[in-house]
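The structure under discussion appears below in the form of structure tokens.
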Amino acid sequence: MLRKFLGENNISKCNFLAITILFVSVFGWYYMTQPVIETVLTNIEPTYSENLAIWATFYFSIIGASILGTFVSKKVSRIKFLYTWIAVGTIISLAPVLLTTASFEQILIVSLVLGASFGIGVPSFFAYFTECTVVENRGRIGSISFLIANISGPVLAILTANETNLVVVTVIFALVRGIGLTIFFLNPEKQISQQTPRNVSFLSVLRDRTFLLYFVAWSMFPLIDSFEKTLVVPHLSDLSLELVQIMNVLEPLVATLAILIGGIMCDWIGRKKIVLSGFVSLGAAYGVISFITDFEPLWYIYFVIDAIAWGLFGLIFFIIIWGDIAKTN
């Protein structure tokens, strides 16, 4: 049944399982980062500026390490690099357990190391996914793997959010990262075609018209949505706290369903139509609630459309489109 769903040009079961395991390991670890760091921060009660510095260090280290990872991964085998990345990342994930009586500077260093150890392997992870799939089935394969990761990651984060024992949280944190090591037993390297990659400079990527169009489109969505959320959430809190609770439950459920359906639609009608449909519907939803903000049924329509957009855009812009562009270049 699974092979029939994936359609023609199926990948091997080993590669599909390896991709899914890596998705769960990578996204599960990322989702759990917030409760882990927040548990550590409770020991020092940081000021606003210290809290901002710690999180900024974590995210900027991911970005910087990701750029560095594109160069480092060219020097070694893709699979060997992934093995090393996961193994080292699992060990580093145990670092927070040493911070039971830590200072701000020590937590800052750990945030830097955690972010860098995560970011340096992300390009290879997505490159591996691209190498194992083709345009015709990348949407469906990506949707299933991303769906499983998108469910398991937040569940793990919720389960550990109220856990105050740093040792327990850290061990679970490391185990989630270590899940990826099970791909050793699948031996996926034999399934990948060993093609000699072309050297592509960052400048040539930035000059690519297709890349720029999709990058601008993706940049606009989180920017506009974040501005909208700063207005929507306070207004909903004043209107009805129940609406806020419904939004927090309804949107993840709808987004999860949108990921699965979106993967099928991407392979069926193409990526561009899905992206355009998402922006048009999202614009209509924002327009409606801008004029009539006190009519509760309209808010449910907004929740559904916003969740669908996040599910579709997350799948396309996180998982699918960059691999498509890379394959054509």
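Here my numbering is used: the sequence shown runs in plain steps of one and ends on residue 526.
The beta-carbon is built from N, C-alpha and C at its ideal position, and this holds for glycine as well.
Distance, residue j Cα to residue i Cα
i, j, result
"residue 266", "residue 487", "43 Å"
"residue 367", "residue 261", "24 Å"
"residue 228", "residue 484", "32 Å"
"residue 340", "residue 517", "9 Å"
"residue 305", "residue 375", "23 Å"
"residue 422", "residue 325", "30 Å"
"residue 251", "residue 308", "6 Å"
"residue 501", "residue 272", "45 Å"
"residue 288", "residue 315", "12 Å"
"residue 432", "residue 280", "47 Å"
"residue 219", "residue 491", "44 Å"
"residue 468", "residue 511", "12 Å"
"residue 380", "residue 283", "10 Å"
"residue 420", "residue 429", "14 Å"
"residue 295", "residue 331", "44 Å"
"residue 391", "residue 333", "In this prediction, residue 391 has a pLDDT of 49, which is less than 50 and means its spatial position is unreliable; nothing more can be read from the coordinates."
"residue 388", "residue 209", "Bear in mind that the predicted position of residue 388 carries a pLDDT of just 49, short of 50, making it too unreliable to give a figure here."
"residue 471", "residue 255", "32 Å"
"residue 418", "residue 474", "13 Å"
"residue 451", "residue 230", "24 Å"
"residue 310", "residue 277", "21 Å"
"residue 455", "residue 286", "31 Å"
"residue 446", "residue 400", "42 Å"
"residue 214", "residue 246", "43 Å"
"residue 181", "residue 342", "In the structure as shown, the chain starts at 198 and stops at 526, and residue 181 therefore has no counterpart that could be examined."
"residue 402", "residue 268", "14 Å"
"residue 426", "residue 373", "31 Å"
"residue 442", "residue 449", "12 Å"
"residue 364", "residue 480", "46 Å"
"residue 494", "residue 444", "12 Å"
"residue 211", "residue 293", "33 Å"
First and last residue of the uninterrupted alpha helix (DSSP H) at residue i
i, result
"residue 240", "Premise fails: residue 240 is in no alpha helix (DSSP H) and is neither H nor E."
"residue 286", "275 to 289"
"residue 293", "Note, residue 293: premise wrong, no alpha helix (DSSP H); not H, not E."
"residue 305", "301 to 316"
"residue 271", "Neither: residue 271 is in no alpha helix (DSSP H) and is coded neither H nor E."
"residue 478", "468 to 488"
"residue 511", "493 to 511"
"residue 405", "Careful: residue 405 lies outside any alpha helix (DSSP H) and carries neither H nor E."
"residue 321", "319 to 329"
Short Cβ contact (8 Å threshold) for residue i with residue j
i, j, result
"residue 464", "residue 312", "no"
"residue 320", "residue 270", "yes"
"residue 504", "residue 478", "no"
"residue 221", "residue 371", "no"
"residue 513", "residue 329", "no"
"residue 353", "residue 457", "no"
"residue 327", "residue 508", "no"
"residue 460", "residue 349", "no"
"residue 382", "residue 223", "no"
"residue 499", "residue 482", "yes"
"residue 496", "residue 438", "no"
"residue 338", "residue 299", "no"
"residue 301", "residue 232", "no"
"residue 317", "residue 274", "no"
heavy atom of the ligand NAP below 7 Å from residue i C-beta
i, result
"residue 498", "The ligand NAP is not part of this structure, which contains no ligands at all."
Contact with chain D by residue i, beta-carbon distance below 8 Å
i, result
"residue 468", "Absent here is chain D; the protein component of the structure consists of one chain."
Are the stretch 231 to 238 and the stretch 400 to 420 touching, with three or more C-beta to C-beta distances below 8 Å? Not touching, per the Cβ criterion.
Quick one: any contact between the stretch 454 to 470 and the stretch 412 to 419, if contact means 3 or more CB pairs under 8 Å? no
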